[in-house]
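Participant:
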Amino acid sequence: MRQVVFGADELAPGEMRAVQYGAMSVVVLRDRHGRYHALRNACLHQGAPLSKGTLGPMVDGSAVGQYEPAADREVLRCPWHGYEFDVESGRCPADPARLRLRTYPVAVEDGQVVLGRDTVPGGQGKL
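Take the sequence shown: its position 12, counted from the start at 1, is 12 in full-length UniProt numbering, and no numbers get skipped.
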């Protein structure tokens, strides 16, 4: 299924919006680099609407007690209990093997943000 959800100029970098995609609530967001991502709009912990959460850098660390923001990776943080999900993969960095949100292909086509299987995720145009 393909669905135009809104105009590309309606979402600035760092912003997100909940949309209905078929029977699912999906959060569409634009990361700080201007790339679009789409994930299921319900936290895996207790179902909080992730569209009410915050977007920020993923934190990496090469040693105990050492934390650095990742240059290219961002997480969507749950508004209720702070669970985090990688916006690209949907995986929770705290337990990536078990906790993963569903992600959806999203693209900008002719100035419109489009969700659907025949789009290039995060890219421009169709496959």
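All C-beta atoms in this analysis are idealised placements derived from N, C-alpha and C, irrespective of residue type, glycine included.
Return the residue from the list VAL106, GLU84 and GLN112 that minimises the CA-CA distance to VAL26.
Facilitator: Closest option to VAL26, Cα to Cα, is VAL106.
Participant: Tell me VAL28's beta-bridge partners as DSSP assigns them.
Facilitator: Partner(s): ARG17 and ALA38.
Participant: Return the chain-ordered list of same chain residues with a C-beta closer than 7 Å to the C-beta of GLY116, the five sequence neighbours on each side being excluded.
Facilitator: Hits under 7 Å: MET1, ARG2, GLN3 and PRO105.
Participant: Is ALA48 helix, strand or coil when you go by DSSP?
Facilitator: In this structure, ALA48 counts as coil in the three-state DSSP scheme.
Participant: Just verifying my parser: in three-state terms, what is the DSSP assignment at ALA97?
Facilitator: ALA97: coil per DSSP, three-state reduction.
Participant: Cα-Cα, which of ARG40, LEU55, PHE85 and VAL64 is closest to GLY34?
Facilitator: The residue with the shortest Cα to Cα distance from GLY34 is LEU55.
Participant: For HIS37, count the other beta carbons within 10 Å of its own beta carbon; 16 or more makes it buried, fewer makes it exposed. Which is it?
Facilitator: HIS37 is buried by the Cβ-count criterion.
Participant: Using 8 Å as the Cβ pair cut-off and three pairs as the minimum, do the region 81-96 and the region 39-56 touch?
Facilitator: At 8 Å Cβ cutoff, the stretches touch.
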